[in-house]
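Numbering (this note's numbering), first residue to last: 2 to 180.
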């Protein structure tokens, strides 16, 4: 899969799984990407479909479809294999119930970058198992370029332990990893 998606071992992959709509912060993420992509080792992996309701800006959609370092999968039946390609998971959402997808990412030892939208505040321990961002492209850029990026694997491993300890591992994670 890594080869077919043109992801090199040396690439650093920022990943997102979910619907590609405005409320999920995709417009902000793509605006941040315009600055982040100057780092040639970064790739952005977007796993999920565009939707008509609450659609992203047309310029956002165009960038996603044309940028060679944005990997867009559209809808997939099983996202588990895509989490394995990521170095970090991001959820720049404006509103959320409880973000199960962040637990799925965490169960794969991925650090999570997430907003403080309702429901998301319980998903991580700030600066221990991930980090919170504000709903804007500048904050996304800042966090994705921050110094703690070097310890992202350690942060992801702490998150996996945190989930296991709390017994909140989703059925998805139980089926896709050996906890």
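C-beta atoms are modelled at their ideal positions from N, C-alpha and C, and glycine is treated no differently.
Note that this is a predicted model, so its numbers are computed, not measured.
Per-residue DSSP class, three states only, for residue i
i: residue 132; result: strand
i: residue 127; result: strand
i: residue 120; result: coil
i: residue 8; result: coil
Beta strand (DSSP E) segment containing residue i, residue limits
i: residue 116; result: 113–116
i: residue 22; result: No beta strand (DSSP E) holds residue 22; DSSP gives it neither H nor E.
Residue i and residue j closer than 8 angstroms at C-beta
i: residue 91; j: residue 15; result: yes
i: residue 102; j: residue 26; result: no
i: residue 134; j: residue 116; result: yes
i: residue 2; j: residue 82; result: yes
i: residue 42; j: residue 11; result: yes
Option nearest residue i by Cα separation, candidates the options
i: residue 86; options: 47, 114, 101, 121; result: 47
i: residue 107; options: 137, 2, 125, 5; result: 125
i: residue 44; options: 54, 57, 30, 52; result: 30
i: residue 62; options: 17, 22, 83, 10; result: 22
i: residue 50; options: 65, 38, 10; result: 65
i: residue 68; options: 78, 38, 131; result: 38
i: residue 146; options: 77, 33, 95; result: 33
i: residue 114; options: 98, 89, 105; result: 89
i: residue 55; options: 95, 70, 40, 74; result: 95
i: residue 24; options: 98, 127, 110, 109; result: 98
i: residue 8; options: 70, 52, 17, 40; result: 70
Boundaries of the alpha helix (DSSP H) in which residue i is found, first to last residue
i: residue 141; result: 138–145
i: residue 104; result: 101–108
Checklist line | Complete beta strand (DSSP E) runs within the stretch 25–99 (minimum length 3 residues, chain order) | finding: 43–48, 71–75, 89–92
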